[in-house]
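Novice:
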Amino acid sequence: MTGFFIANENFLSARNIRIVMGITPEYIIVAIGIAILMISGEFDLSVGSVFALVPMTMVQLVHQGMPPWVAIALGLSIGIAVGFVNGFITLRFGIPSFIATLGMLYIARSLTTVATGGFPPPFPHELPNELFVFQFEVFRASLFWMLGVAFIAGIMLHRSNLGNWIYSTGGDTAAASSMGIKTNNVKMFCFILCGFLAGFAGMIQTFRIEAPLPSQGYLLELESIAAAVIGGVSLFGGVGTIFGAAIGAILIRFLESGIIMARIDAEWFRAGLGSLIIISVVFNTWVVRRGENMVHKNQAEENENNSQNNETVTESKDE
Amino acid sequence: MSNENIIECKDLNKYYSGVHALKNLSLKIKKDSVVGLIGDNGAGKSTLIKILSGAHSPDSGHIYFEGNEVKFKSTKEAMNLGIETIYQYSALIPQMSIARNIFIGREQTTFSLGSIGLMKTKSMDKAAMDALNDVELHLRSPDTPVNQLSGGERQGVVIARAMYFKSKVLILDEPTNHLSVKETNKVLRFVEGLKKQGVTSIFITHNLSHVYPIADHLCVMARGEKIADLAKEDTNIDELTDLLVNG
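Residue numbers (my numbering), protein chains in the order written: chain A, 77 to 395; chain B, 10 to 256.
Take a look at the structure:
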C-alpha cells in the first residue's frame, strides 16, 4: 500500500478513496455471505451470476409495469430461491456444493442473458436508487447498508447460538449432529443467506451504475472466495470471521485501485490478486502452526514440571 | 449401585441392507453402575449404542428407560431424557473453544426469537470452568480451542459436558482409543468419578484391560449377539479374554 502511495500520491487522495469506497461495499456484502457459507462448510460458485440475475429480474419487472418495491422484493426472492435450490441439490443428493453451484453459475448467468432479450434494458428511473447509493462527501449510502449487513451478520455469527451451530456444523458435521444440531437446516440457511446477499449486492451495483448488465459480477464468485480466504476463512469450514472477510474484500479493491493508480498495466491486477491469495494463506498457516507449536512446547514443559514434582514427592515420602 | 434397572432392552433386532447387525439382544443396565461392553470389531457394539442414543431405531424390540418404554426419533430426544453419547472421533469440534463446545446445541441465550438468541457468553464461560473443575480437570481458560488439548483432556471436557447437563446415562464409545497410558488412566478416573455422582456409564471398548478395573458388570458381544453378561465378581479376566477371543 505504501508502495502504491509512493508510486502515485493520488492513491490516498479523497477522490480515489471516494471511488474505492463507492464500489467496495457491494463486494463486502457478497464476501460476507460467502464467508458465512464457507464457515458452515459449503461453497457457492453461483454468487457472480446471482449478482447479475437479481437486478436484471428487478429491472425487467419494473419495465413490465410492476411497482418498484414489489420488483425489488421479487428480485431478492430470486436470490433466496437460487440459494434454496443450491442447498436443496447439495444436501438432498449429497453432492459437493462445489458442483451443484458450478451448475447454478451457468444456469443463472444464462437466465440473465435470456432475460435481457438480446440487449440490456435501460435503467428505470422510478427505482429508488438514491436510497441505496446516494453519494455523500467520500462515500455512498451503500456503505451504511454494508455496515448494517456486517453488524447483523457479525452478531448472528459471533454472538448468537445460531452462529455456534454454523461453526460447529462446518467444524465437524458428524459431531455437531450427534449433539443434536440439525446440520442440514443450518447449511440450508447459509445457502439462502448467501444467495440473498449476493442478489442484494448486485442490486446495489445496478443502482450505482444505473444500468443492468448481463455481464455484471463476472468472476465475482472466485473473487469473493479469495476475499474470504485472504481474511482467514478456512476452505474446510469451521474457521473465519465477518471482519476478516470484509478486510479481504477491501484489500482486493485497494490492490486493484493501486495498480491502476501506479499506472501499471491493469492486466497485472490478477497477478497481484493471485500473489495476495497465496501469501495471505501461507502467512495464516504459518501463524496457526506457530501458535500450536507454542502450546505443545508449554504442555511439554508442564508435563516435565509435573513429573519433577512427582519425583520430589516420592523422594520426600522415602525420607 | 442400586438394584433398579435404568435401561432395559428386549429382543432388539437391526438389519443394515440385509446384514443382521443385532440379533435378539436383551440387556439390563443397573442404575449407577459402570458396564463394560466389550467385543471385537463388527460385534454389534456400535449398532447397539446407536440405537440407545437415538441415532438409529431398531427394526424390532423394545427399550425401557427408568421403567417406561421409549422410542427415540433423534439423538436430541435421548439427550433430553438424560442419555448422552460420546462418540469415538466426533464428540467435540476441534476449532471451537471449550466453552462453546460444552454448550453446542444447548446455549444459554437471552433476547431470543424462537430458538435463536444471543449467547450469554460470560455465564457460559463461568459454567464451563465450573463443570471442568467438577471433574477435576483444571484448564487455564474456557476460550482455549479444543485442538490444543491432549486426548485425555478432550475426553474430560466431553464428560464435564455430560455432567453439566445432568445426564443419567453416559455411553462412551472407545474413549481410551489412541490415548497414552497416562491419558487412559485419566479417563478411567473420570469414569470412576461419574459413578460417585450417580451417573450410569456404558463403556464400550475392545480393550478388556481398560474397562475391567472400573467395571461393575461386563457384557461380551460377538456377531451381533450377546454371548456373556456377567457381574465382575462372577468372572475373571482370563475367562473374559477367552470369550472375547473365541466368541
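Where is the CB? At the ideal position from N, CA and C, for every residue including glycine.
Just so we're clear, the structure is a prediction, and the values are computed from it rather than from any experiment.
Of all Cβ atoms in chain A, is any one closer than 8 Å to the Cβ of B:ALA100?
Specialist: Chain A, which has a Cβ nearer than 8 Å to the Cβ of B:ALA100, makes this yes.
Novice: Would you list the one or two residues that DSSP bridges to B:LYS19?
Specialist: Answer by DSSP bridge pairing, in chain order: B:HIS71.
Novice: Give every residue of the same chain whose Cβ lies closer than 7 Å to the Cβ of B:ASN156, excluding the five residues on either side of it in the sequence, and list them in chain order.
Specialist: Cβ within range, chain order: PRO103, GLN104.
Novice: By DSSP's criteria, B:SER176 is part of a beta bridge. Which residues make up the other side?
Specialist: Per DSSP, none; premise fails for B:SER176.
Novice: Is there a Cβ from chain B that is less than 8 Å from the Cβ of A:GLU118?
Specialist: Chain B, which has no Cβ nearer than 8 Å to the Cβ of A:GLU118, makes this no.
Novice: If contact is defined by three or more beta carbon pairs under 8 Å, each pair taking one atom from either stretch, is the stretch 133-145 of chain A in contact with the stretch 324-339 of chain A?
Specialist: No, because fewer than three Cβ pairs between the stretch 324-339 of chain A and the stretch 133-145 of chain A fall closer than 8 Å, the two stretches do not touch.
Novice: Given a threshold of 16 other Cβ atoms within 10 Å of its Cβ, counted over all protein chains shown, does B:GLU116 qualify as buried or as exposed?
Specialist: Answer is buried; the Cβ neighbour count reaches 16.
Novice: Note down, in chain order, every chain A residue with its Cβ under 7 Å from the Cβ of B:GLN104.
Specialist: Ordered by position in chain A, the residues that pass the 7 Å Cβ test against B:GLN104 are GLY247, GLY314, VAL315.
Novice: Checking 8 Å against the spacing of the C-beta atoms, do A:ALA107 and A:ALA229 come in under that value?
Specialist: No, the pair does not count as a contact, with Cβ atoms beyond the cut-off.
Novice: For the structure I just gave you, are there three or more beta carbon pairs, one from the stretch 136-150 of chain A and one from the stretch 338-353 of chain A, closer than 8 Å?
Specialist: Not touching, per the Cβ criterion.
Novice: Which complete alpha helix (DSSP H) runs does the stretch 177-211 of chain A hold, if anything under 4 residues is left out?
Specialist: You should have 205-209.
Novice: Using C-beta distances below 7 Å, list every residue in its chain close to A:ILE257, excluding the 5 sequence neighbours before and after it, in chain order.
Specialist: Result list for A:ILE257: TRP241, SER244, THR245, in chain order.
Novice: For B:ASN89, report the span of its alpha helix (DSSP H) as first-last.
Specialist: Segment 84-90, the alpha helix (DSSP H) holding B:ASN89.
Novice: Closer than 9 Å by beta-carbon distance: list the chain A residues that pair up with B:LEU127, in chain order.
Specialist: Correct list: ILE231, ARG235, SER236, ASN237.
Novice: Comparing alpha-carbon positions, which option in B:VAL144, B:MET128, B:ILE92 lies nearest A:ILE231?
Specialist: Checking every option, the nearest Cα to that of A:ILE231 belongs to B:MET128.
Novice: Around the Cβ of A:TRP344, are there at least 16 other Cβ atoms within 10 angstroms (buried) or fewer (exposed)?
Specialist: So A:TRP344 counts as exposed.
Novice: For the alpha helix (DSSP H) that contains B:THR130, what are its first and last residues?
Specialist: 130-143 is the extent of the alpha helix (DSSP H) around B:THR130.
Novice: Identify, in the order they occur along the chain, each residue of the same chain with its Cβ nearer than 8 Å to the Cβ of A:THR166, setting aside the five sequence neighbours on each side.
Specialist: Hits under 8 Å: GLU118, PRO172, SER173, ALA176, THR177, LYS263, PHE267.
Novice: DSSP three-state call for B:PRO8: helix, strand or coil?
Specialist: Beyond the ends of chain B as shown, which are 10 and 256, falls residue 8 of chain B; an answer cannot be given.
Novice: Give the DSSP-derived three-state secondary structure of A:ARG216 in the structure shown.
Specialist: Strand at A:ARG216.
Novice: Distance check for B:LYS32 and A:ILE55, CA to CA, integer angstroms please.
Specialist: This structure gives no information on residue 55 of chain A, because the portion of chain A shown stretches from 77 to 395.
Novice: With a cut-off of 8 Å on the beta carbons, I'd call A:VAL126 and A:ALA302 a contact; round off their distance for me.
Specialist: No, A:VAL126 and A:ALA302 are not in contact; Cβ-Cβ is about 18 Å, not under 8 Å.
Novice: The stretch 241-275 of chain A: which residues have C-beta closer than 8 Å to a C-beta of chain B, in chain order?
Specialist: If the cut-off is 8 Å between Cβ atoms, the stretch 241-275 of chain A has TRP241, TYR243, SER244, GLY247, ASP248, ALA250, ALA251, ALA252, SER253, SER254, MET255, GLY256, ILE257 near chain B.
Novice: Roughly how many angstroms separate the alpha carbons of B:ILE58 and B:ASN245, rounded to a whole number?
Specialist: Approximately 25 Å between the Cα atoms of the pair.
Novice: Starting from B:PHE212 and walking both ways along the beta strand (DSSP E), at which residues does that stretch end?
Specialist: It spans 209-214 - the beta strand (DSSP E) in which B:PHE212 sits, taken as one unbroken run.
Novice: Smallest Cα separation from B:ILE107: which of B:LEU146, B:LEU217, B:LYS39, B:ASP243?
Specialist: Comparing Cα-Cα distances from B:ILE107 to each of B:LEU146, B:LEU217, B:LYS39, B:ASP243, the minimum goes to B:LEU146.
Novice: Who are the neighbours of A:GLU368 on chain B, taking C-beta pairs under 9 Å?
Specialist: Going along chain B in sequence order, the residues near A:GLU368 (Cβ under 9 Å) are ASN156, GLN157.
Novice: Given B:PRO184, which residues of its chain have a CB within under 6 Å of its CB, disregarding the five upstream and five downstream residues?
Specialist: Answer for B:PRO184: GLN164, VAL196, listed in chain order.
Novice: For the stretch 229-240 of chain B, which residues have a beta carbon sitting closer than 9 Å to at least one beta carbon of chain A?
Specialist: Going along the stretch 229-240 of chain B in chain order, one finds no residue with a Cβ nearer than 9 Å to chain A.
Novice: Quickly, what does DSSP pair B:GLU78 with across the bridge? List them, please.
Specialist: B:GLU78 is bridged to B:TYR73.
Novice: Between A:LEU121 and A:GLU297, how many whole angstroms is the CB-CB distance? I'm expecting something under 8 Å.
Specialist: So it is a contact: roughly 5 Å between Cβ atoms.
Novice: Put B:ASN14 into one of helix, strand or coil per three-state DSSP.
Specialist: Looking at B:ASN14 - three-state DSSP - the assignment turns out to be strand.
Novice: Should B:ASN142 and B:SER69 be called a contact, given that it needs their Cβ atoms to be closer than 8 Å?
Specialist: No.
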